[in-house]
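Following this note's numbering from start to finish, the sequence shown increments by one per residue and tops out at 108.
Reviewing the structure listed below.
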Amino acid sequence: MPFEKRRYPRAQIAWPVTLIGLDGLAGGVTYNLSLAGTLVYCFEMPDTDENVSLVLKPVESQNILATAEMVWSNALISNNNKMHAIGLCFTQVPDRGRQILSEIIS
3 MPFEKRRYPR AQIAWPVTLI GLDGLAGGVT YNLSLAGTLV YCFEMPDTDE NVSLVLKPVE
63 SQNILATAEM VWSNALISNN NKMHAIGLCF TQVPDRGRQI LSEIIS
């Protein structure tokens with residue numbers, strides 16, 4: 003079994019998410035979440051200066067507004083559609099949002 007370096011556990015959670023970049027909005031879906039960050043898949047890559055605002059839309063509760071740093075991104079081709087996988091590290095999550103994440107991930 004590979005050694006896990008992450009500080010926080012990740013949960014496979016698919017929530018709608020809106021990324022707010024310099025050129026507008028990009029919709030996507032989370033693939034997994036932790037208290038430290040998320041992996042997002044989207045069809046359009048947001049134009050950003052490495053920091054992005056996002057709105058996580060949990061089915062179970064209210065929206066979570068957050069700010070994150072884009073750590074990495076990859077372009078993917080799936081069923082002839084170009085998608086982007088984006089690794090985000092949270093830089094700011096309000097206390098209520100962090101509480102919601104903590105309850106759902108654990």
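Yeah, the Cβ is synthetic: ideal placement off N, Cα and C, and Gly gets one too.
Restricting attention to Leu24, Arg9 and Cys44, the CA atom closest to the CA of Gly89 is found in Cys44.
In this structure Asn34 is not in contact with Leu27, their Cβ atoms being roughly 22 Å apart against a cut-off of 8 Å.
Secondary-structure assignment with DSSP links Trp74 through a beta bridge to Gly89. Taking 8 Å as the upper bound for CB-CB distance, Ser80 and Leu37 are not in contact here, some 28 Å apart. Pairing Asp97 with Val54, the inter-Cα distance amounts to about 19 Å.
By the C-beta density criterion, Val61 is exposed, having fewer than 16 other C-beta atoms within 10 angstroms.
Within the stretch 14 to 67, the runs of beta strand (DSSP E) that reach at least 3 residues and sit entirely inside it are, in chain order, 18 to 23, 26 to 35, 39 to 44 and 53 to 58. The continuous stretches of alpha helix (DSSP H) do not include Ser108, and DSSP gives it neither H nor E.
In this model, Asn76 and Lys84 are separated by some 10 Å (Cα to Cα).
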